[in-house]
Amino acid sequence: MINSKLEQELNNQLNAELYSAYLYLSMSAFLSTKNLPGFSHWMKVQFEEEQAHAMKLFQYIMDRGGMVTLQEIKAPQAEWKGIIDVFENVVNHEAYITERINNLVDLALEQKDHATVTLMQWYVNEQVEEEASVRDIFDQLKLIDGQGAGLFMLDREARQRTFTPIK
Ligand code: FEO
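Position 58 (the sequence shown) corresponds to 57 in numbering that gives the first Met the number 0; numbering is contiguous.
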């Protein structure tokens with residue numbers, strides 16, 4: 000059985016992952032209106048990844064005999080100044096998610112809940128990858144000033160991204 004404080008924080012994280020999915024879906028729609036089909040696709044894959052992060056928590060809470068309590072998902076921002084602004088937002092959002100994950104690890108350690116520590120370790124590693132990949136794109140976008148032939152090339156590259164289901 001899972002400690003109730005931990006159960007509550009895992010439910011909050013489930014909500015945060017669903018909000019992340021929602022945010023990236025909103026970015027996908029916005030980027031489509033900006034004639035960036037590759038980045039719009041990239042965000043849709045990101046949306047799928049976040050849903051998978053959420054579902055991993057969903058299953059874990061149930062596996063531990065906890066109660067999943069779904070909360071309201073707040074509406075995400077719908078418009079940005081442009082592609083650089085979008086990715087700056089992504090970089091900041093992922094840093095925020097990392098902070099949340101770290102807090103969850105702290106709580107699990109405090110509660111001596113080793114199973115949750117192990118689960119959260121997966122998220123810690125995932126965040127390292129996510130932060131690195133979005134920072135990489137953000138830096139490249141700044142390099143080309145978010146426009147011209149460079150943007151065309153990056154958009155074409157973004158189109159190649161595929162979703163890999165997680166275990
Ligand atoms: Fe689920 Fe992008 O963190």
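All residues carry an ideal CB built from backbone N, CA and C; glycine is no exception.
Whole-angstrom C-beta distance between residue j and residue i, which should lie under 8 Å
| i | j | result |
| --- | --- | --- |
| E169 | G65 | Outside the displayed span of the chain (0 to 166) sits residue 169, for which this structure offers no information. |
| S19 | H92 | 7 Å |
Where residue i falls: helix, strand or coil (DSSP)
| i | result |
| --- | --- |
| L9 | helix |
| G81 | coil |
| M42 | helix |
| Q139 | helix |
| K33 | coil |
Given residue i as reference, the closest of the options once Cα atoms are compared
| i | options | result |
| --- | --- | --- |
| K87 | Q126, L17, M26 and N11 | Reading the sequence as shown, one finds Glu at residue 87 and not Lys. Ranking Q126, L17, M26 and N11 by Cα distance to E87 puts M26 first. |
| I136 | N124, E125 and G149 | G149 |
| I83 | K43, G145 and Q50 | G145 |
Exposure of residue i, with buried meaning 16 or more beta-carbon neighbours within 10 Å
| i | result |
| --- | --- |
| S3 | exposed |
| A77 | exposed |
| T115 | buried |
| N10 | buried |
| F29 | buried |
| V127 | exposed |
| H113 | exposed |
Discussion item. Across the stretch 133 to 152 and the stretch 14 to 28, are there enough close Cβ pairs to call them in contact, namely three or more that are closer than 8 Å?
Written reply: Counting Cβ pairs under 8 Å, fewer than three are found: no touch.
Discussion item. Using 8 Å as the cut-off, can you tell me whether the stretch 153 to 161 makes contact with the stretch 35 to 44, which would need three or more C-beta pairs spanning the two stretches below that distance?
Written reply: With a cut-off of 8 Å, the stretch 35 to 44 and the stretch 153 to 161 count as touching, because enough Cβ pairs lie within range.
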